[in-house]
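Enquirer: The numbering of the sequence shown is UniProt numbering, which starts it at 1 and goes up by one.
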Amino acid sequence: MGRFEPYPRTNEEAGANVTLHCKGMNMLTIKYNLGSYIIQQSVSDDIWDAAVVHNDGGSTFFNLAPNTLYRYRLHKVTRRGFSLAETSDWFSTYAVDYQPRQIEHISLVKLEEENTNMCELRAEIVFEPVEDQSCNYNILSWSGEHDLINFDLNKVSE
Numbered sequence: 001m002g003r004f005e006p007y008p009r010t011n012e013e014a015g016a017n018v019t020l021h022c023k024g025m026n027m028l029t030i031k032y033n034l035g036s037y038i039i040q041q042s043v044s045d046d047i048w049d050a051a052v053v054h055n056d057g058g059s060t061f062f063n064l065a066p067n068t069l070y071r072y073r074l075h076k077v078t079r080r081g082f083s084l085a086e087t088s089d090w091f092s093t094y095a096v097d098y099q100p101r102q103i104e105h106i107s108l109v110k111l112e113e114e115n116t117n118m119c120e121l122r123a124e125i126v127f128e129p130v131e132d133q134s135c136n137y138n139i140l141s142w143s144g145e146h147d148l149i150n151f152d153l154n155k156v157s158e
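(1) Where DSSP assigns a beta bridge to Gly57, which residues make up the other side?
(2) Quick one: which unbroken alpha helix (DSSP H) runs of 4-plus residues sit fully inside the segment 4 to 69? Chain order, please.
(3) Span of the beta strand (DSSP E) holding Ala123?
(4) Which residues does DSSP list as the beta-bridge partners of Ser92?
(5) Where do the ends of the beta strand (DSSP E) carrying Glu113 lie?
(6) CA-CA distance, Tyr7 and Asn67?
(7) Can you look up Thr78 in the DSSP assignment and give me helix, strand or coil?
(8) Is it the case that the Cβ atoms of Gly58 and Asn33 are separated by a distance below 7 Å?
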């Protein structure tokens, strides 16, 4: 499996500039320059998974093994054919028992009255993701009418 032979080939560089956007225990999200790419995933030096076409500047890979290194190979699709392969660095999923780091820099950037009820406020809060590049954040908030509310937030592409 994974034997993708691009044809016709060009001598162009893929120019994908693959980076890790965020990660979890069973998933990785990579970002790359806009364009259409054939993307393959690997956990070894010479075996690549089946080729998949992506064209939105980012891709998320699910059902991955915890605490495992993955890398990606991209060929850009052009009118003239397929570019040379660009291979990413190795990116690791979290271990099963990994606890994501706590956010340190959080700010209130906007506070305004709710349109439908002037006795309620709406807040816009921003935070800097921490260096562990987690895709998911658990948020605890408080409302005057309710006790503490717990919800999850998923990191989105910029």
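Cβ coordinates follow ideal geometry from the N, Cα and C atoms, glycine included.
Expert: Short version:
(1) Beta-bridge pairing links Gly57 to no other residue.
(2) Entirely contained in the segment 4 to 69, not one alpha helix (DSSP H) run reaches 4 residues.
(3) Leu121 to Phe127
(4) Leu69
(5) Ile106 to Glu113
(6) 35 Å
(7) For Thr78, the three-state secondary structure derived from DSSP is strand.
(8) no
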